[in-house]
Structures are given as C-alpha cells and as structure tokens.
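Protein chains in written order, with the working numbering: chain A, 34 to 362; chain B, 34 to 362.
See structure below.
2 protein chains.
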Amino acid sequence: MNKIRIGIIGYGNLGKSVELGIRQNKDMELVGVFTRREPSTIKTLTEGVKAYSIDEAKNMTDQIDVMVLCGGSMSDMPVQGPLFAGMFNTVDGYDTHAKIPDYFDAVNKNALEAGKVCIISSGWDPGMFSLNRLYAEAILPEGNTYTFWGKGVSQGHSDAIRRIKGVKNAKQYTIPIENAIEAVKKGDSPELTAREKHRRECFVVAEEGADKTQIEHDIKTMPNYFSDYDTEVHFITEEELEKNHSGLPHGGLVIRHGKTGLKGENNHVIEYKLDLDSNPDFTANVLLAYARAAYRLNQEGVSGAKTVVDIAPAYLSNKSGEEIRKSIL
Amino acid sequence: MNKIRIGIIGYGNLGKSVELGIRQNKDMELVGVFTRREPSTIKTLTEGVKAYSIDEAKNMTDQIDVMVLCGGSMSDMPVQGPLFAGMFNTVDGYDTHAKIPDYFDAVNKNALEAGKVCIISSGWDPGMFSLNRLYAEAILPEGNTYTFWGKGVSQGHSDAIRRIKGVKNAKQYTIPIENAIEAVKKGDSPELTAREKHRRECFVVAEEGADKTQIEHDIKTMPNYFSDYDTEVHFITEEELEKNHSGLPHGGLVIRHGKTGLKGENNHVIEYKLDLDSNPDFTANVLLAYARAAYRLNQEGVSGAKTVVDIAPAYLSNKSGEEIRKSIL
Chain A
34 MNKIRIGIIG YGNLGKSVEL GIRQNKDMEL VGVFTRREPS TIKTLTEGVK AYSIDEAKNM
94 TDQIDVMVLC GGSMSDMPVQ GPLFAGMFNT VDGYDTHAKI PDYFDAVNKN ALEAGKVCII
154 SSGWDPGMFS LNRLYAEAIL PEGNTYTFWG KGVSQGHSDA IRRIKGVKNA KQYTIPIENA
214 IEAVKKGDSP ELTAREKHRR ECFVVAEEGA DKTQIEHDIK TMPNYFSDYD TEVHFITEEE
274 LEKNHSGLPH GGLVIRHGKT GLKGENNHVI EYKLDLDSNP DFTANVLLAY ARAAYRLNQE
334 GVSGAKTVVD IAPAYLSNKS GEEIRKSIL
Chain B
34 MNKIRIGIIG YGNLGKSVEL GIRQNKDMEL VGVFTRREPS TIKTLTEGVK AYSIDEAKNM
94 TDQIDVMVLC GGSMSDMPVQ GPLFAGMFNT VDGYDTHAKI PDYFDAVNKN ALEAGKVCII
154 SSGWDPGMFS LNRLYAEAIL PEGNTYTFWG KGVSQGHSDA IRRIKGVKNA KQYTIPIENA
214 IEAVKKGDSP ELTAREKHRR ECFVVAEEGA DKTQIEHDIK TMPNYFSDYD TEVHFITEEE
274 LEKNHSGLPH GGLVIRHGKT GLKGENNHVI EYKLDLDSNP DFTANVLLAY ARAAYRLNQE
334 GVSGAKTVVD IAPAYLSNKS GEEIRKSIL
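So this is what it looks like as structure tokens:
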C-alpha cells in the first residue's frame, strides 16, 4: 500500500505534535517540515526527514499528498490557508470562529481551481465539538446546547498576562463551573453569563521587586480576558511554574438537553467530553484523521473547501467499509 | 418549502415515538402509518393521518419520501428491510450487531436496483455509539475503546424473566459498574469480563402462590442473560411496578483512552454519554435525522445501503452549509 505523504507547514507545538502523530498512523509518512526559520537550524524527530524553507513547498507538489497547516490563526492562516489550497490537499485548525465563513470562501476558491480538498477548522473546537453540537441539535430539535471549556491552559490568556508590566511568566487555566454543568444536565435551560460558566486561575511569576498588588489588579480588570470572570491570581516562582504548570492540558464538554414526548415529558442529555493531557497532541491527531479523509476524497475526484461536518465519518478510519460494519458498528 | 413526507412501518413503541418526533422537525410531515394489524383498530395521534394495511405501502411510493421502519430486528426487519428498500428511501434501527453485514448486503442490492438510499442500523447503539467508536479510534489510534450501557431497561432481559414459570410481570435494569468506568478513564486498559462491566437488577411481580426462591434461582442461573452477571432480584407488587418502573429509560457511554507523545506520556480520554428518559423517543429522533439525510442524498442522485458512518453530519441538519459554518462550527 502506498502511504499518504504528509507535509507540515510550521514547526511549533502543533507541528511537532503532528510529526509524532504520524507515527501512530501506519498508512502515513512524513515527507518534510516547512518553516519560515532558517531550515538548517531545525532538526526533526523523524529520521531522514528534513526541514525546508516554506518557499520550497511550491516545488514539491508532486511529493506531498496532504499538507497539514500548523501556523497561527491570527496572522499565518489567513495567508497560508488560501495559498496552499492552490497547491495541495490541506487540513488546518483555523479557530477564529467569527471569521470561519470568510476563510472558508477564500480557501474554497483556490481549492476548486486547483482541484484539491482542503478541510478547514478541524481539531476539537472548532472540530469535534462542532460535530457534537450539530449531531445533538439534529437529534434533539427541542433543547439547548452548551459548551464548556477546561480545565485547561488558555494560551491567549496566558500571553495576555505576560504582557502586563512586572510579569516575567504566567499560565492561565480556564475552569468550567460545576454548578452550571449540573443545571444544564438537569434541564433547567439556564441563561448563563460568562462568569457563571467559567472561572479563571492564574499562576504568575513576578519580576524582582514588581508590585504584585498592581499586577493582580491589572489582571482582574483586563477587559474581555478577565473582567467578566471570577479570577484567582497566585504568585509562584519560576521553578514552581516549570515544575507544576509546564504542560498544555485542556478539554471540555458539549452538552445538549432536550425534551421529547407528547407533552415534553421525557428528558434527554447528550454529553461529549474531552480530557486531554496535551492540547497540541490531540489537535494534531484530529488533523491527521482529517488528512486521511482529504486524501481519500480527493482520490475520488472531490475538490473544494470542507469542514468536519461535510466529511462522512468513514473517511477518517483506516478500516474498510466491511471492517467498520463488522467491528465498529 | 416542500416537507419531507414520512411513512411509518409498524406502530409499536418506536413507531409512536417516530410520530411524535416528526412534530419536532418543521421540515417533515407524516403521511401514513402502516400496520399488520387491522388498520381500522388504530387511531394515530396526528390529525388527518390514517393507518393503512402494510400491504398498501407498495401503492403509495409516489406519496412518501422516506419510510421509517419500526419493526423488530429479530423477525420483521430481515424481511421488511430488503422489501421496502426496493420501493422507498428507508431508515431503520436494525440492531442485531452480528448480522449487520448480511443485512447491509440484502438491503444494498434492492436499494441500488430501485435507486433509493437506505440507512440501516441507525439509533444509538448501533448508531451514535458506533459513530463515536469510529471517531475516537481514528483520533487516538493507540488506545482502547469501551462501551457501557445503562442505567436502563433491557427489553430482551425483561422478556426473558417474564417467560419464567410463576412470573406475572418484570422489568430488568442494566447498570454499568462505576469502578470499571473509572479504571477505563484512568487509562488502566483493563480486561473486563461481562460481570465486571455491568450488573443486573430485576423487579419481578410473582403470581399468587408462586415459589419466589425458585424464580430467583431461575433468573440468576439463566445462561447468556444472567448467569455471567451479578444479579439482584426484588419482588414487588404490580402496582409498584406500574408506578415506579413503567418507563423505558436507557443510556450509556462510549469511552476511549489513548496515549500520545514521544513515549506515550500524554493521556487522553474521549467520552460520549447518553442519559435518556425514553429509549424509543430518542431512537426515533435519531432515525428522523437520518431520514432527512436519506432524502437529501437521494435528491442528489445517491443510492444504495448506508450506515451512519457513511453520512456526512451536515446532511442531518436542517441548516444550510452557510448557517452551520456561522452558528455551529
């Protein structure tokens, strides 16, 4: 069997997790890593696989079946997504929810022209959580869906703390509020504010001599990021941060409560829950399952931008239809 | 907008739940109920909709877009599934796992000849649980999947108790064992026997003067159904059974634990959990979501037997691709 030849654009946390994830999929092989850094400074973990300048990707369209885009959603993806859609089948985890429609259109145009399949906004949210919101809503039309995130590290919130004067380093955990989850499961259909759904816990390393009271105040009053939440701030040492908070765990749950029956007398709860030691590893593995789908759909002559809701689940599996019906159904 | 015109074959618990489920889906309407009983003895809950003899269905192929098959898997579906696949788009909840491959082939042959889409083995297991087994395995290739059922009423086990001499009525609950679930989530990858995964609780109404010790012995030693499980038997009155055990709740969970990282150092748990007041209502609602998919796929020119893994999730939703990308993704 010919393996699916994978390329990786961007060799940060996510790119490295994609590299490791390929080892778990016997039908895939890594061809190359593409970077904006000086390629000679990068050593991959995969024997015989080297780093290339990102500008070289366009010369390797015949060597790569699917390009996995691992850049940031803020500035990298809006450029790289449409660009590489014109050359390769791609998968990405573009996660700026509000801009997905525009991003979809831009990728779709180039993917159609190039005859490629490009699956955008894969991962877990958007991604698996989106799927579960859709399935649950279709099954229980009369009900409410809630998404909770955490407990897990929010990179955006950690970065925001690091930009405060006097802060040397920081990690921020988003934590769902149990009472809210219980109310949702009971079918109370609560209207929940941001504060009622999640709380925030911050571990901060202050610079020598910094004003900790001022730092705590600056965090708790920061608009959008913290001011709408109950926020706890703990000052710790760099050693403690390294020892106890160096991972990137995350997770969360999608819950839908719905009613059925002659008079809505029957209650139903659908719950999809993730508990992840490594956000980038899990995201990478989702991207790779969709890379398989992109490759197989393109082999069947399909092209254009897709999202997870457009992909029949069987395309993600390396098992045949017969095997799936026999062993999974 | 033309509504999707639904027919129901079989007007038992599931058929009645399908009828109620149609009310929750604004894009569907019920055309008729088809029964083996004398149609004049049946009054539907839907104004203007009547019951027909099942033999009349073949004369109504131009009036029904999707036929929802609500017969039993043991003896009805093996005949009705292939039969109606030759006339209509169909959905069914065929749940004899071991015979799904043969059933698929029989339905597929007739569906292809008739140019219809027939989605088999929908519902929650097989169905939503199958989907979640597939998704979880594709995302975490190195791991183990476990399925637990309950707490819920098993109709097959309740029926088995009712066949015992001296038993007037009975309800049996299948209950998952919490310790086993915890071990799975922790990543212990336990090898679990039937007894270690589930226990069984029986509520039995004995006939006047029956030998209760004998009944309890007959239940607990019944091969396949009870002998491999820890089983509790409670004798109660008919009134208590009616008052406290008349519902058909069910549910369960699919859990996959998997590892990622350079040395498998990162643990991940994916959990999909259902908590259902009414097994038939929930199953019916899943069938209807797949009825929408069957109709739309057939409109696109697709034909043949399908299972839930073959259907892109977007086909289940009454929202457009644009709406999904904007509001669900």
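Glycine is no exception: its CB is placed at the ideal position from the N, C-alpha and C atoms.
Quick caveat, the model's predicted, so the values are computed rather than measured.
| Item | Value |
| --- | --- |
| Taking a contact to mean a Cβ-Cβ separation below 7 Å, would you say ILE172 (chain B) touches ASN318 (chain A) in this structure? | yes |
| May I ask you to report which of helix, strand or coil DSSP gives VAL82 (chain A)? | coil |
| Taking just the CA atoms, how far does ILE87 (chain B) sit from ILE75 (chain B)? | 13 Å |
| Going by beta carbon distance, what residues of the same chain come within less than 7 Å of ALA243 (chain A), once the five residues before and after it are set aside? | GLY199 |
| Taking the beta carbon of GLY189 (chain A) as the centre, do at least 16 other beta carbons fall within 10 Å, making it buried, or is it exposed? | exposed |
| Nearest by alpha-carbon distance to THR270 (chain B): which of B:GLY285, B:ASP263, B:VAL238, B:HIS278 is it? | B:VAL238 |
| First and last residue of the alpha helix (DSSP H) that includes GLY189 (chain B)? | 188–195 |
| How many Å lie between MET110 (chain A) and LYS142 (chain B) at the Cα? | 46 Å |
| At the 7 Å Cβ level, is VAL342 (chain A) part of the contact set with chain B, yes or no? | yes |
| Sort out for me which residues DSSP pairs SER311 (chain A) with in a bridge. | A:LEU281 |
| DSSP three-state label for TYR179 (chain A), please. | strand |
| Taking the alpha helix (DSSP H) that ILE214 (chain B) falls in, what are its first and last residues? | 211–219 |
| Among residues of its own chain, excluding the 5 on either side of GLY183 (chain B), which ones have a beta-carbon nearer than 8 Å to its beta-carbon? | TYR206, THR207, ILE208, PRO209, HIS231, HIS283, GLY284, GLY285 |
| Counting only Cβ pairs nearer than 7 Å, list the residues of chain A close to ILE373 (chain B). | Absent from the structure is residue 373 (chain B), since the part of chain B shown begins at 34 and ends at 362. |
| Based on Cα-Cα distance, which residue from A:GLY294, A:GLU304, A:LEU274 lies nearest to ILE288 (chain B)? | A:GLU304 |
| Between the Cα of MET161 (chain A) and the Cα atoms of B:SER155, B:GLY160, B:LEU321, B:TYR168, which residue gives the shortest distance? | B:TYR168 |
| Under 8 Å by Cβ, that's how I've got ILE357 (chain A) and ALA345 (chain B) pegged, so tell me the actual separation to the nearest angstrom. | Actually they are not in contact, since the Cβ atoms of ILE357 (chain A) and ALA345 (chain B) sit about 15 Å apart, beyond 8 Å. |
| Beta carbon of ALA338 (chain A), beta carbon of ILE153 (chain A): below 7 Å? | yes |
| Restricting to Cα atoms, I'd like to know which of A:GLU249, A:LYS149, A:HIS250, A:ILE197 is closest to ASN331 (chain A). | A:LYS149 |
| Would GLN57 (chain B) be called buried (16 or more neighbouring beta carbons within 10 Å of its own) or exposed? | buried |
| Can you name, in chain order, every residue of its own chain whose Cβ lies under 6 Å from the Cβ of ALA139 (chain A), other than the five neighbours on each side? | PRO115 |
| Is the number of C-beta pairs between the segment 116–130 of chain A and the segment 297–315 of chain A that are closer than 8 Å three or more? | no |
| Have a look at ASP263 (chain A) and LYS253 (chain A) and give me their C-alpha separation to the nearest angstrom. | 8 Å |
| Which partner residues does ALA203 (chain A) have in the DSSP bridge list? | A:VAL237 |
| Helix, strand or coil for ILE42 (chain B) per DSSP? | strand |
| Would you please verify whether the beta carbon of ASP192 (chain B) is less than 7 Å from any beta carbon of chain E? | Protein chains A and B are contained in the structure displayed, whereas chain E is not. |
| Report yes or no: is there a C-beta of chain A within less than 7 Å of the C-beta of THR293 (chain B)? | yes |
| In three-state DSSP terms, what is ALA345 (chain B)? | coil |
| Quick check: VAL64 (chain B) and GLY45 (chain B), are their CB atoms within less than 7 Å of each other? | no |
| Restricting to runs no shorter than 3 residues, where is the beta strand (DSSP E) found entirely within the segment 101–142 of chain A? | 122–125 |
| Using a Cβ-Cβ cut-off of 7 Å, state whether GLN96 (chain A) counts as contacting chain B. | no |
| For SER187 (chain B) and ARG233 (chain B), I'd like the C-alpha separation in whole angstroms. | 10 Å |
| With distance defined between alpha-carbon atoms, name the residue in B:LEU164, B:ASP158, B:HIS250 nearest to ILE197 (chain B). | B:HIS250 |
| Just list the residues that DSSP pairs GLY65 (chain B) with in beta bridges. | B:GLY40 |
| Which whole runs of the beta strand (DSSP E) in the segment 313–343 of chain B are 3 residues long or more, in chain order? | 337–339 |
| Would you kindly report the start and end of the unbroken alpha helix (DSSP H) that includes THR246 (chain B)? | 245–253 |
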